[in-house]
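Residue numbers 0 to 243, in numbering that gives the first Met the number 0, belong to the letters of the sequence shown in order.
Reviewing the structure listed below.
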Amino acid sequence: MDNHALFYLVIALFAVIQSVFGMGILVFGTPTLLMLGVDFSSVLGLLLPSSVLISLTQTLGARRIAFPAREKINMLICAIFVILALSLVLHSTVKVNVDLLVGAILLFSALMRFRLSLQETLKRYLGKHQRAYIAIMGLIHGVTNMGGALLALYAAASHREKLEIRTTVSRYYLMFGLIQLATLASIKWQALSLDGFTAAPLALLVYLVVGNLLFKRASAPVYEKMVTGFIAFYGVVVLTKGYL
0 MDNHALFYLV IALFAVIQSV FGMGILVFGT PTLLMLGVDF SSVLGLLLPS SVLISLTQTL
60 GARRIAFPAR EKINMLICAI FVILALSLVL HSTVKVNVDL LVGAILLFSA LMRFRLSLQE
120 TLKRYLGKHQ RAYIAIMGLI HGVTNMGGAL LALYAAASHR EKLEIRTTVS RYYLMFGLIQ
180 LATLASIKWQ ALSLDGFTAA PLALLVYLVV GNLLFKRASA PVYEKMVTGF IAFYGVVVLT
240 KGYL
């Protein structure tokens with residue numbers, strides 16, 4: 000990327016968000032860099048190292064959080080669909096746009112989180128169709144790098160404690176990032192960027208000094224409101240990124 004200062008600013012800003020919510024660098028970095036004219040493959044090469052490093056640190060720091068076998072199977076299913084979808088995208092010149100659907104789901108979910116009855120409805124739905132939901136999430140992430148849209152709903156509906164929510168998100172994002180880096184290196188290695196790898200230590204520093212402190216100081220009710228606001232804002236970003 001030509002404007003190095005702007006790129007590092009993007010990484011630092013969204014590293015704070017990822018420190019609190021478990022995602023942020025890919026979620027907001029992808030539409031930001033696309034709007035700046037960076038192609039999709041290069042976006043992956045620039046953002047993935049920082050995202051992976053923070054997710055790895057968060058995952059290792061939350062080893063005491065239960066990691067049930069069911070969740071491991073879900074992650075395996077999701078991984079398969081991420082690989083299939085990303086491989087197709089890297090080999091194809093066709094652009095798939097699911098922003099409208101993803102954005103609408105996010106905004107609806109933000110509204111839904113204000114009502115307990117609707118939250119229970121989502122939990123029952125995930126209980127019946129969890130594997131299908133996970134597969135769709137993998138496909139969307141592989142195609143658009145925006146699977147965090149559905150992951151935010153999944154984590155918030157599956158857990159109540161803020162550390163459990165962030166840990167679930169960080170585990171999936173670590174998996175997403177490692178798969179995407181490996182696939183990119185195998186199929187389109189030229190998209191890997193030195194700038195992406197040199198920005199990773201900056202992202203980790205921001206996480207350790209600023210972001211993690213904000214996460215620890217946020218009370219549960221405040222965190223709930225922040226998650227809801229995050230989901231709503233993300234929905235707006237996804238819906239409008241194609242028009243900005």
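Where is the CB? At the ideal position from N, CA and C, for every residue including glycine.
Are the CB atoms of GLN118 and ALA156 nearer to each other than 8 Å?
Taking the sequence shown and counting its residues from 1, one reaches residue 118 at position 119. Taking the sequence shown and counting its residues from 1, one reaches residue 156 at position 157. Closer than 8 Å, so yes.
So the alpha helix (DSSP H) LYS215 belongs to, where does it begin and stop?
Position 216 of the sequence shown holds residue 215. Per DSSP, LYS215 belongs to the alpha helix (DSSP H) from 211-216.
Taking 7 Å as the limit between beta carbons, can you name the residues of its chain near LEU85, skipping five residues before and five after?
Within the sequence shown, residue 85 is the residue found at index 86, counting from 1. Cβ within range, chain order: GLY141, GLN179, THR182.
From which residue to which residue does the alpha helix (DSSP H) around GLN189 run?
As a working mapping, residue 189 is identified with position 190 in the sequence shown. Segment: none, GLN189 is in no alpha helix (DSSP H) and carries neither H nor E.
Are the segment 73-85 and the segment 224-242 in contact at 8 Å, needing three or more beta carbon pairs?
Taking 8 Å as the limit for Cβ pairs, the verdict is that the segment 224-242 does not touch the segment 73-85.
Where does GLY195 land, buried or exposed, given buried means 16+ other C-beta within 10 angstroms?
Residue 195 sits at position 196 when you count from the first residue of the sequence shown. It counts as buried.
Threshold first: 3 residues or longer. Then list the beta strand (DSSP E) segments lying entirely within the segment 156-185, N to C.
Here no run is fully enclosed.
Anyone know if the C-beta pair for SER49 and ILE24 falls short of 8 Å?
The count along the sequence shown starts at 1 and reaches residue 49 at position 50. The count along the sequence shown starts at 1 and reaches residue 24 at position 25. Taking 8 Å as the Cβ cut-off, SER49 and ILE24 qualify as a contacting pair.
Are the segment 190-207 and the segment 63-76 in contact at 8 Å, needing three or more beta carbon pairs?
No: the two stretches stay apart, fewer than three of their Cβ pairs being nearer than 8 Å.
Of the residues GLY36, ALA231, GLY28, which one's Cα is nearest the Cα of LEU47?
By 1-based counting over the sequence shown, the position of residue 47 is 48. Nearest C-alpha to LEU47: GLY28.
Under the rule that 16 or more other beta-carbon atoms within 10 Å means buried, what is SER108, buried or exposed?
Indexing the sequence shown from 1 puts residue 108 at position 109. Label assigned to SER108: buried.
From what residue to what residue does the alpha helix (DSSP H) around ILE297 run?
The requested residue 297 does not occur in the structure, where the chain is confined to residues 0 to 243.
Measuring only the C-alpha atoms, how far is THR58 from LEU138?
Taking the sequence shown and counting its residues from 1, the one referred to as residue 58 is at position 59. Taking the sequence shown and counting its residues from 1, the one referred to as residue 138 is at position 139. The alpha-carbon atoms of THR58 and LEU138 are separated by roughly 23 Å.
Apart from the five residues just before and just after ALA190, which ones in its own chain have a Cβ nearer than 7 Å to its Cβ?
Start at 1 with the first residue of the sequence shown, and residue 190 comes out as number 191. Closer than 7 Å at Cβ, skipping near neighbours: SER40, SER41, LEU43, GLY44, LEU183.
Give the DSSP-derived three-state secondary structure of GLY23 in the structure shown.
Looking up residue 23 in the sequence shown gives position 24. Of the three classes helix, strand and coil, the one that applies to GLY23 here is coil, per DSSP.
Note down, one range per segment and in chain order, each alpha helix (DSSP H) of at least 4 residues found wholly within the segment 50-109.
Runs found: 68-90.
Assign VAL221 to one of two classes, buried (16 or more other C-beta atoms within 10 Å of its C-beta) or exposed (fewer than that).
On the sequence shown, position 222 is the one that residue 221 refers to. Exposed, by the Cβ-count rule.
Does ARG130 come out as helix, strand or coil in the three-state DSSP assignment?
The residue given as residue 130 occupies position 131 in the sequence shown. Here ARG130 sits in helix by DSSP.
For LEU207, name the three-state secondary structure that DSSP assigns.
Position 208 of the sequence shown, counting from 1, holds the residue named residue 207. Helix at LEU207.
Measuring alpha carbon to alpha carbon, tell me which residue in VAL37, ALA148, GLY147, LEU152 is nearest TYR124.
Start at 1 with the first residue of the sequence shown, and residue 124 comes out as number 125. For TYR124, the nearest C-alpha among the options comes from LEU152.
Can you give me the Cβ contacts of TYR7 inside the same chain, cut-off strictly under 8 Å, excluding the 5 residues immediately before and after it?
In the sequence shown, residue 7 corresponds to position 8, counting from 1. Around TYR7: ALA198, LEU201.
Quick one: grab the DSSP three-state call for GLY36.
Taking the first residue of the sequence shown as 1, we reach residue 36 at position 37. Coil at GLY36, not helix or strand.
Work out the CA separation of GLU223 and MET111 for me, nearest whole Å.
On the sequence shown, residue 111 is found 112 positions in, with the first residue counted as 1. On the sequence shown, residue 223 is found 224 positions in, with the first residue counted as 1. So the alpha carbons of these two residues sit roughly 13 Å apart.
Between ASN144 and the rest of its own chain, which residues show a CB-CB distance below 6 Å, the 5 nearest in sequence each way excluded?
Reading the sequence shown from its first residue, position 145 is the one you call residue 144. Here the set comprises LEU25, THR29.
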